[in-house]
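Structure record follows, encoded as structure tokens.
Residue numbers (my numbering), protein chains in the order written: chain A, 11 to 487; chain B, 11 to 487.
As structure tokens, this is what we get:
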């Protein structure tokens, strides 16, 4: 039956007569996916989008006028490129503005330090000047005696992040960034400073959000660039007290953000939705090229390549440019992924799969599929399409997908991941150096091709990842 | 005669009896130079010096308190390391302070730009906001009709500097930096901005001094980082007028700088002086590690390795840590090299040779000797000592030496050069990114070794570069 069904599908497709979707592993479906992949590789829409987005709007902090203007423009861009049902979905959030900030060493070795306040950090309400106490880990800070940092500034220098393809060094440093200010405050400190969560050696502090306790960040938090962390640690190593002066006018404010949503409506199963996307907001220091204008460029480019293929796929492909990924607190509702999930209501059950692109624009090297899909006919079809452009199919299931599709994943929507080379991602991430010239157009094109080829297989077949997940362990589909 | 003189010298040295200096090409002199070279390679004094200098004093703008404090410390450092006649030679100069500065695009595409005022640029006296007019060369700016830039800001984007081992791309860009503000002013412009004279792609503007006309820089001048120049050129390319807002509180002030001078006094010909050195001032944005704490570290380290060799050389080796190299105008007296020349008076005739290290700390690859020394026995001896550590002897004579020894060269003192790999120098030069972590200790050690080996050959021989120059063309010495 399996063989005859396949034959039927092939011949039906050859005639172009039936509305029934094919199996992903059909030779015709694969051949079409390969064609779409190669068209996508040659398309320049991703480069056009990222160039316009970063040049016109510069930084796009969540809730800012710039993010709002960029969203309106992106909606027009989608419409102009044939997307349907283009809409903007607003949601409220607590925004954060950096204002002005400075840091310096005072005393015998006076010199400026290059710092960036951490997202949602409060301002210093004037100047904080105090002796620093250095720790080499969050654990060491947590182990400091109660009250031992009264009137001081906690400084955590956990050493330089190591570059890795999968960015594995980032996680431990985000724990320091998230918990540092509250840990410092719990010991009586006036402020918290840390070596940036970044792998570069440049004078570039890496911002990023820190975590609320009881609805706020308890003391101001700052990230030092790597050379400035070296400098401060070098001064501490001289054995004399080191005093630092900090000032920041950072503050929160009530605002709104928005998702931009557009569809390539499916030919025969329009209610079955494949959600692609990325976040449109960026940090305020750079122009958000790699984080994450690139993800919008890649997913828009892939969807557009499919739309332009001469055959509209069976299922609907939706691109969501999420608002407010960067600054939202884990517990609040001010993030685009959550707003999207709330907006779709019961339609979540029609969401076949979701994937986000949020790791720069360097080449894709691995495909992660939902649990149960490993070793399936679909996985083999995907490998046939993706292997020629350097993408292996991982045996490890993709569970969470990322911050934007996390809410969908939590609501039961299967997610996939196209893992990208992140070796240089954390050199640039959350810094002023995240700019258009860091995009490698040829690697970004490979991304677009990988997304287009893979999504075609899902969109023009009846592959059912929920069913595969349900039968996981019972053998390949 | 030649051979017997050489033999005599060798045997006399072997007995350690005579005060007469050897020929540089004596086997014993060469062997001692090799020993000094290898000791220097293993020494850590250069790394200690550069670490302390940059950590304790941070940026050291000419005429600043920081430069003055660093000079006092360096004098103590020299004394503690056995230098004699250590002295500080003060001289007046017009200093320049950056103050606070900002730049942004205003209008439909509002965003901050990362800029640095050019040295000696006046402040904006409030805010300058005007439309920019873009040029792709200084020549194009010079060709603009008279008055055509009235009320506007001139922007020269001559493209990105190409990385080269010898830094050849820098010269043309310094002409833009030097002449840009006056060229802009001559057409009526309110201000001048340019793509930085730098080869990196980071968000790092490269400052540097611009030139006076009638005793002042006529309009404020700024350098944009490479991504910001891209951004501004990208906005101009959209075809709409682009307005930029500039502010700067930069200003000049009367102050003084100083040279720090210390000697390893010669054993038998103490009045014959070999001058090594580099400038101690730095730009204000970084901590002046590669420009030019490194040069002091290298030349001090080389002199110290010679002093510690167990045999004091015949001639005096002098290390000069010059004040105020960066900000001086070509026509004024506020630079350390000129002050040193004035200070020595007629003793200039006893100056055998001078050399400066001012191109970072990456490896030395070529030796340039004064005119007439090419192909000489001295050159062959130098090659014997330097070739094993990767230094070729150039056939091109060294004429000027650099900014610090330029005044000596102008007064007839022969100069040499040890050319360094400058491939990454202009990534960092004059930026906030010029920090200690950019020093590669192993390459800096090779520098110290090259300087020590070469200087030994000059200091413990009677090589006479003036005589070689006088007989240039009359055959090798």
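For every residue, glycine included, the Cβ atom is placed at its ideal position computed from N, Cα and C.
Review point. Near residue 98/B, what residues of its chain come up, given a Cβ to Cβ distance below 8 Å and the 5 sequence neighbours on each side ignored?
Key: 81, 82, 85, 268, 269, 270 and 271
Review point. For the beta strand (DSSP E) that residue 122/A lies in, which residues bound it at each end?
Key: For residue 122/A, the uninterrupted beta strand (DSSP E) run begins and ends at 121-123, by DSSP.
Check your understanding: If the cut is a Cβ gap below 8 Å, which residues of chain A does residue 236/B touch?
Key -> The answer, in chain order, is 447.
Review point. If you draw a straight line from the C-alpha of residue 18/B to the C-alpha of residue 388/B, how long is it?
Key: Residue placement at residue 18/B cannot be trusted, given a pLDDT of 37 that sits under 50; the coordinates are not used to answer.
Check your understanding: residue 69/A to residue 119/B, Cα distance in whole Å?
Key -> 10 Å
Practice item. Indicate the three-state DSSP secondary structure (helix, strand or coil) for residue 217/A in the structure shown. Key: Assignment of residue 217/A by DSSP, reduced to helix, strand and coil, places it in the coil class.
Review point. Buried or exposed: which applies to residue 435/A, given that a residue is buried once 16 or more other Cβ atoms fall within 10 Å of its Cβ?
Key: buried
Exercise for review: May I ask you to list, following chain order, the residues of the segment 81-102 of chain A that have a beta carbon less than 9 Å from some beta carbon of chain B?
Suggested key: none
Practice item. Could you tell me if residue 153/A is buried or exposed, where buried requires 16 or more neighbouring beta carbons within 10 angstroms of its beta carbon? Key: exposed
Practice item. Flag this pair as yes or no: are the beta carbons of residue 396/B and residue 460/B separated by less than 9 Å? Key: yes
Check your understanding: Under a three-way DSSP split, which group does residue 302/A fall into?
Key -> helix
Check your understanding: What in chain B is Cβ-close to residue 212/A, meaning under 8 Å?
Key -> 212, 214 and 443
Point to revise | Proximity test, Cβ basis, 9 Å: residue 208/B and chain A | key: no
Review point. Would you say the segment 98-109 of chain A touches the segment 401-418 of chain A, given that touching needs at least three Cβ pairs under 8 Å?
Key: no
Exercise for review: Show which residues of chain B have a CB atom less than 7 Å away from the CB atom of residue 66/A.
Suggested key: 119
Check your understanding: Closest to residue 329/B by CA distance: which of 384/B, 278/B, 346/B and 273/B is it?
Key -> For the residues 384/B, 278/B, 346/B and 273/B, the minimum Cα distance to residue 329/B belongs to 273/B.
Practice item. Return helix, strand or coil for residue 316/B, following the three-state DSSP convention. Key: helix
Exercise for review: For residue 309/A, collect the residues of the same chain with a Cβ closer than 7 Å to its Cβ; drop the 5 residues on either side in sequence, then sort them by chain order.
Suggested key: 286, 287, 288, 329, 367 and 461
Practice item. With DSSP collapsed to three states, give me the class of residue 67/A. Key: helix
Exercise for review: Give the residues of chain E in contact with residue 244/B, contact being defined as C-beta atoms less than 8 Å apart.
Suggested key: The structure shown has no chain E; the protein chains it does contain are A and B.
Check your understanding: Would you say residue 71/A reaches chain B, if we count a Cβ-Cβ gap shorter than 9 Å as a contact?
Key -> no
Practice item. Output the distance between the C-alpha atoms of residue 64/B and residue 391/B, rounded to the nearest integer angstrom. Key: 36 Å
Review point. Got a sec: which bits of the segment 358-383 of chain B sit with their beta carbon under 7 Å from any beta carbon on chain A, in order along the chain?
Key: none
Review point. Are the Cβ atoms of residue 235/A and residue 213/A separated by less than 9 Å?
Key: yes
Check your understanding: Where does residue 90/B fall in DSSP's three states?
Key -> helix
Check your understanding: Would you say the segment 400-409 of chain B touches the segment 337-354 of chain B, given that touching needs at least three Cβ pairs under 8 Å?
Key -> no
Review point. Considering only C-alpha positions, which residue in the set 279/B, 369/B and 143/B is nearest to residue 473/B?
Key: 279/B
**Study point:** CB contact flag (residue 433/A, residue 175/A, <9 Å)
**Key:** yes
Review point. Who are the Cβ neighbours of residue 261/A in its own chain at under 8 Å, not counting the five residues just before and after it?
Key: 106, 107, 109, 132 and 133
Check your understanding: How many angstroms separate the CA atom of residue 479/A from the CA atom of residue 301/A?
Key -> 31 Å
Practice item. With DSSP collapsed to three states, give me the class of residue 269/A. Key: DSSP places residue 269/A in strand when its eight states are reduced to three.
Check your understanding: Nearest chain B C-beta to residue 296/A closer than 9 Å, yes or no?
Key -> yes
Practice item. Compute the Euclidean distance between the alpha carbons of residue 36/B and residue 311/B, then round it to the nearest angstrom. Key: Cα to Cα, residue 36/B sits roughly 25 Å from residue 311/B.
Check your understanding: Hey, quick one: how far does the alpha helix (DSSP H) through residue 393/A stretch, first residue to last?
Key -> 387-396
Check your understanding: For the segment 112-138 of chain A, which residues have a CB atom closer than 7 Å to at least one CB atom of chain B, in sequence order?
Key -> Of all residues in the segment 112-138 of chain A, 119, 121 and 124 have a Cβ within less than 7 Å of some Cβ in chain B.
Review point. Closer than 9 Å, CB to CB, is residue 450/B near chain A or not?
Key: no
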